[in-house]
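The structure under discussion appears below in the form of structure tokens.
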Amino acid sequence: MPYIKKEKHANYRCAAGGAQKKLTADNVLVDAEVIDENEVKRMKQCQFCHERFTDVIYHHHINNCSQRFEQCRICSKQVLKIDMHRHEDECRLSKNRESKDSNYGKGLYAEAMPVVAGSNSQNEIYFQEFNEVCPNCNCKIPESKYFEHLQLCFNQEKYCQFCRVKIPFNKEQEHIKQCAKVREMNLNKEKKYNQGNRVNKNEDESFFRKLMFWKENPSHHKDNILVDAEVIDENEVKWREVKHAVSDSD
-17 MPYIKKEKHA NYRCAAGGAQ KKLTADNVLV DAEVIDENEV KRMKQCQFCH ERFTDVIYHH
43 HINNCSQRFE QCRICSKQVL KIDMHRHEDE CRLSKNRESK DSNYGKGLYA EAMPVVAGSN
103 SQNEIYFQEF NEVCPNCNCK IPESKYFEHL QLCFNQEKYC QFCRVKIPFN KEQEHIKQCA
163 KVREMNLNKE KKYNQGNRVN KNEDESFFRK LMFWKENPSH HKDNILVDAE VIDENEVKWR
223 EVKHAVSDSD
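Residue numbers (the numbering used here): -17 to 232.
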């Protein structure tokens, strides 16, 4: 931030002779940074990123600032320097699709060739026929650049691995989020999970129903008998009737 810097007092003597006089300069507004007690370096603000740099660094930074706009060599549009590399890749592919309608004729690809020793012309333009046709954008691509183009082509399509619907390559993630098949699979998985919880709960309840209880013999026989018990609710137990034959002699 700019701040007020107070100039030091300076003593000077009149040329014609006389007493010394003290001169005090007014306060001045400067944009500077104090490096040490004896040196002050002025700071300059970059007009693109608004960062402040010293004079030495500023001239280097202003030519390499990532927030400055530069002209694309292919389409002549103004693009941020930080995005230039990605833009040129996209722009080059779009230009390849338009090259079939260029002035050189349909189906031709112009490539600058190195200068041949002893040749009169400084630059030679070599025309060659396209060897492969991209199945996605229907552009004719040289054989040497065909596989590279297939990987970068934005018009390529692929089948969804869930619903088998053909979708654009760059829209795959958006499609999966809205895919009906994926939603159906998630619902089925949730139902199976809930059913598994209910089965486990029923098994736990059936375990308590099958518990064996000791009950005294209603005929007051000297021996106790082991009978099954059925749980009706938490407070009531219904015992199964067990016929026990007791002789009159007992």
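Built from N, CA and C at the ideal position, the CB exists for glycine as well.
Could you please give the first and the last residue of the uninterrupted beta strand (DSSP E) stretch that includes residue 149? By 1-based counting over the sequence shown, the position of residue 149 is 167. Run containing residue 149: 148 to 150, per the beta strand (DSSP E) assignment.
Run through DSSP, which three-state label would residue 138 get? Translated into the one-based positions of the sequence shown, residue 138 becomes position 156. In the structure shown, the three-state DSSP call for residue 138 is coil.
Can you tell me which of the three DSSP states residue 33 falls into? Translated into the one-based positions of the sequence shown, residue 33 becomes position 51. Reduced to three states, the DSSP call for residue 33 is coil.
Using DSSP with H/G/I as helix, E/B as strand and the rest coil, what is residue 59? The count along the sequence shown starts at 1 and reaches residue 59 at position 77. Assignment of residue 59 by DSSP, reduced to helix, strand and coil, places it in the coil class.
Go ahead and label residue 32 buried or exposed: buried means 16 or more other beta carbons lie within 10 angstroms of its beta carbon, across all protein chains shown. Position 50 of the sequence shown, counted from the start, is the residue given in the question as residue 32. Exposed.
Between which two residues does the alpha helix (DSSP H) containing residue 155 stretch? Position 173 of the sequence shown, counted from the first residue, corresponds to residue 155. Where residue 155 is concerned, the enclosing alpha helix (DSSP H) stretches over 154 to 160.
Am I right that residue 54 and residue 72 are in contact with their C-beta atoms under 8 Å? What's the rounded C-beta distance? As a working note, residue 54 is residue 72 in the sequence shown. As a working note, residue 72 is residue 90 in the sequence shown. The C-beta distance from residue 54 to residue 72 rounds to 10 Å, too long to meet the 8 Å contact threshold.
Please look up how many angstroms separate the CB atoms of residue 152 and residue 129, rounded, as I've assumed it's under 8 Å. As a position in the sequence shown, residue 152 is number 170, starting the count at 1. As a position in the sequence shown, residue 129 is number 147, starting the count at 1. 19 Å between Cβ atoms; not a contact.
Nearest candidate by alpha-carbon position, reference residue 37, set 47, 58, 26: As a first step, residue 37 is located in the sequence shown; it is residue number 55 there, counting from the start. Checked all of 47, 58, 26; the closest Cα to residue 37 is 26.
Determine the direct distance from the alpha carbon of residue 127 to that of residue 117, and round the result to whole angstroms. Position 135 of the sequence shown, counting from 1, holds the residue named residue 117. Position 145 of the sequence shown, counting from 1, holds the residue named residue 127. The straight-line gap from Cα to Cα measures roughly 14 Å.
Using a Cβ cut-off of 7 Å (strictly closer), state whether residue 56 contacts chain D. Among the protein chains of the structure shown there is no chain D, as only one such chain exists.
Taking buried to mean at least 16 other C-beta atoms within 10 Å of its own C-beta, is residue 148 buried or exposed? Position 166 of the sequence shown holds residue 148. Label assigned to residue 148: exposed.
Below 8 Å on the Cβ atoms is my guess for residue 28 versus residue 44; work out the distance and round it to an integer in Å. Numbered from 1 along the sequence shown, position 46 holds the residue referred to as residue 28. Numbered from 1 along the sequence shown, position 62 holds the residue referred to as residue 44. Right, the Cβ-Cβ distance comes to about 6 Å (below 8 Å), so this counts as a contact.
What span of residues does the beta strand (DSSP E) with residue 53 cover, start to end? For the purposes of this step, residue 53 is taken as the residue at position 71 of the sequence shown. Its beta strand (DSSP E) spans residues 51 to 53.
Return helix, strand or coil for residue 177, following the three-state DSSP convention. Here residue 177 refers to the residue found at position 195 of the sequence shown. In the structure shown, residue 177 sits in a helix (DSSP, three-state: H, G or I).
Looking only at DSSP bridge pairs, what is residue 27 linked to? Your numbering for residue 27 matches position 45 in the sequence shown. BP columns for residue 27 point to 34.
Neighbour-count burial assignment, residue 85, 16 or more Cβ in a 10 Å radius: Residue mapping note: residue 85 aligns to position 103 of the sequence shown, counting from 1. Confidence in residue 85 is poor, its pLDDT being 38 and thus under 50, which makes the residue's placement unreliable; the coordinate value appears in the next sentence. So residue 85 counts as exposed.
Using the DSSP secondary-structure output, state which residues sit across from residue 115 in a beta bridge. Translated into the one-based positions of the sequence shown, residue 115 becomes position 133. Its beta-bridge partners are 122.
Cα-Cα separation, residue 119 to residue 132: In the sequence shown, counting from the first residue as 1, residue 119 sits at position 137. In the sequence shown, counting from the first residue as 1, residue 132 sits at position 150. Those two C-alpha atoms are separated by around 10 Å.
Closest by C-alpha distance to residue 47, when choosing among 66, 177, 163: Here residue 47 is taken as the residue at index 65 of the sequence shown, counted from 1. Closest by alpha carbon: 66.
Given this structure, state the Cα-to-Cα distance separating residue 154 from residue 24, to the nearest angstrom. Here the question's residue 154 lines up with position 172 in the sequence shown. Here the question's residue 24 lines up with position 42 in the sequence shown. Near 53 Å, if we compare the C-alpha coordinates of residue 24 and residue 154.
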